[in-house]
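Visitor: Attaching a single structure in structure tokens format; questions to follow.
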């Protein structure tokens, strides 16, 4: 996968943006978007929750679709 290396100033701007960053060329044309990675603590917490498995009821795709269809039929 291709990658682009940014300087320290740009890296800090992206990391501290708090939302998606629009990337523009020197003429101001939009060339892409960067979404900063979540903090390591958030990733660790999500991995712990995944390791525990489902904590409540789970539904199959078919069950969800049937429920959504029932809402349309009302």
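Residue numbers (our numbering): 1276 to 1349. All C-beta atoms in this analysis are idealised placements derived from N, C-alpha and C, irrespective of residue type, glycine included. Computed from a prediction, not measured in an experiment: that's the story for all the values here.
1. What is the DSSP secondary structure of residue 1324, counted as helix, strand or coil?
2. Checking 8 Å against the spacing of the C-beta atoms, do residue 1290 and residue 1313 come in under that value?
3. Just verifying my parser: in three-state terms, what is the DSSP assignment at residue 1279?
4. Suppose contacts are defined by Cβ-Cβ distances below 8 Å. Is residue 1309 in contact with residue 1296 by that definition?
5. Across which residues does DSSP place residue 1349 in a beta bridge pair?
Guide: The answer reads as follows:
1. Here the question's residue 1324 lines up with position 49 in the chain shown. Residue state for residue 1324 is assigned as helix, using DSSP reduced to three classes.
2. Sequence index remark: in the chain shown, residue 1290 carries index 15 (1-based). Sequence index remark: in the chain shown, residue 1313 carries index 38 (1-based). No, these two residues do not count as a Cβ contact at 8 Å.
3. For the purposes of this step, residue 1279 is identified with residue 4 of the chain shown, where counting begins at 1. Coil.
4. What you label residue 1309 is simply residue 34 of the chain shown in a count that begins at 1. What you label residue 1296 is simply residue 21 of the chain shown in a count that begins at 1. Yes, they are a contact pair.
5. The residue you call residue 1349 lines up with position 74 of the chain shown. Looking at the DSSP assignment, residue 1349 forms no beta bridge with any residue, so it has no partner.
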